[in-house]
Amino acid sequence: MNAIIAPSILSADFARLGQEITAVEQAGADWIHVDVMDGHFVPNITLGPMVVEAARKTTALPLDVHLMIDNPDEFIGEFAKAGADLISVHAETCPHLHRTVELIESSGCRPGVVLNPATPLSCLDWILERLHFVLLMSVNPGFGGQSFIDASLDKILALRQIIVRHGLSTLIQVDGGVNAQTIGKIAAAGTDVFVAGSAIFKSPDYSQTISGMKAAAAEAAAPRFQEVGKD
Ligand SMILES: O=C(CO)[C@H](O)[C@H](O)COP(=O)(O)O
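Count the sequence shown with the numbering used here and you get residues 413 to 643, in order.
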């Protein structure tokens with residue numbers, strides 16, 4: 413299993429953002445996760461398309477833009493134009509989720525849908541097969557540095573079972589409280605993409621942290637892949 417590690421720039425030093433992105437890229441990051449918050453849907457304000465455009469100039473890694481904003485349809489085009497590769501929207505903000513996913517696709521980006529910790533998987537029932545990934549929040553969105561909500565593990569397992577049952581290749585991404593201590597159980601439950609902010613950007617050695625997380629995820633996920641191999 414090759415874990416995809418997506419450092420969240422929410423925890424980076426914004427005064428040195430370009431250097432921070434280069435540093436995690438050189439340290440083995442696979443995607444760059446960009447948290448966009450509007451002060452309405454979540455109680456914090458972060459950044460907009462201009463920062464994505466600046467990030468685009470510093471890295472060739474996929475830019476994974478997580479929209480924690482109301483009315484995301486109004487901004488998807490701008491983020492795509494700024495250089496996003498993947499765009500995820502919260503099911504809680506999209507009354508016309510199918511239309512929003514089509515909008516992401518038609519803007520040239522890969523679509524993801526995000527669920528808050530208390531939002532049921534059933535809201536993915538008629539859209540899952542269109543998605544490149546599902547992001548399961550394992551903290552309530554708005555801030556970095558929170559503790560992983562353990563109930564998320566059953567949700568990851570349940571989503572993995574649905575994906576396998578339907579023969580889909582949809583990736584499961586998990587965001588919130590992912591670190592060297594928690595990544596093993598998160599990987600064992602069936603996660604493909606691990607978003608980590610404070611665990612990486614607050615660590616003294618990005619390379620050691622990312623390689624340690626990848627090794628822990630691979631070791632924990634191994635039994636799951638051995639089971640699949642038996643079929
Ligand atoms: O989406 C987010 C918050 O809404 C962040 O990406 C997430 O919380 C990552 O931070 P940390 O790894 O420090 O928990």
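In this text, a Cβ means the ideal position worked out from N, Cα and C, and glycines have one as well.
Computed from a predicted structure; not experimentally measured.
Under the assumption that residue i contacts residue j (Cβ atoms under 8 Å), give the Cβ distance between them as a whole number of angstroms.
| i | j | result |
| --- | --- | --- |
| residue 502 | residue 453 | 7 Å |
| residue 519 | residue 488 | 6 Å |
| residue 490 | residue 461 | 4 Å |
| residue 546 | residue 582 | 6 Å |
| residue 424 | residue 432 | 4 Å |
| residue 536 | residue 525 | 6 Å |
| residue 479 | residue 444 | Their Cβ separation, rounded to whole angstroms, is 15 Å, which puts residue 479 and residue 444 out of contact at 8 Å. |
With a threshold of 7 Å, establish whether the CB of residue i neighbours any heavy atom of ligand 3.
| i | result |
| --- | --- |
| residue 578 | Ligand 3 is absent from the structure shown, which contains only ligand 1. |
How would you label residue i, buried or exposed, when you count the other beta carbons within 10 angstroms and need 16 or more for buried?
| i | result |
| --- | --- |
| residue 434 | exposed |
| residue 414 | exposed |
| residue 447 | buried |
| residue 494 | buried |
| residue 585 | buried |
| residue 500 | buried |
| residue 588 | buried |
| residue 602 | buried |
| residue 476 | buried |
| residue 612 | buried |
| residue 609 | buried |
| residue 560 | buried |
| residue 567 | buried |
| residue 629 | buried |
| residue 457 | exposed |
| residue 578 | exposed |
| residue 426 | exposed |
I'd like to confirm something about residue i: is its beta-carbon nearer than 7 Å to some heavy atom of ligand 1, or not?
| i | result |
| --- | --- |
| residue 487 | no |
| residue 606 | no |
| residue 497 | no |
| residue 520 | no |
| residue 555 | yes |
| residue 562 | no |
| residue 596 | no |
| residue 565 | no |
| residue 440 | no |
| residue 570 | no |
| residue 500 | no |
| residue 551 | yes |
| residue 480 | yes |
| residue 451 | no |
| residue 548 | no |
| residue 588 | yes |
| residue 609 | yes |
| residue 423 | yes |
| residue 420 | yes |
| residue 585 | no |
| residue 593 | no |
| residue 447 | yes |
| residue 573 | no |
The beta strand (DSSP E) spanning residue i covers which residue range?
| i | result |
| --- | --- |
| residue 476 | 475–480 |
| residue 584 | 583–587 |
| residue 546 | 545–549 |
Could you tell me the boundaries of the alpha helix (DSSP H) in which residue i lies?
| i | result |
| --- | --- |
| residue 573 | 564–577 |
| residue 491 | 488–494 |
| residue 608 | Premise fails: residue 608 lies in the beta strand (DSSP E), 605–608, not in any alpha helix (DSSP H). |
| residue 598 | 595–600 |
Is residue i close to chain C, meaning its C-beta is less than 8 Å from at least one C-beta of that chain?
| i | result |
| --- | --- |
| residue 461 | Annotation note: the requested chain C is absent from the structure, which comprises a single protein chain. |
Handout entry: Within the stretch 496–540, ranges of the alpha helix (DSSP H) (whole runs, at least 4 residues)
Key = 509–518
- Query: Where are the beta strand (DSSP E) runs, 3 residues long or more, that stay fully inside the stretch 414–469, in chain order?
  - Reply: 416–419, 444–449
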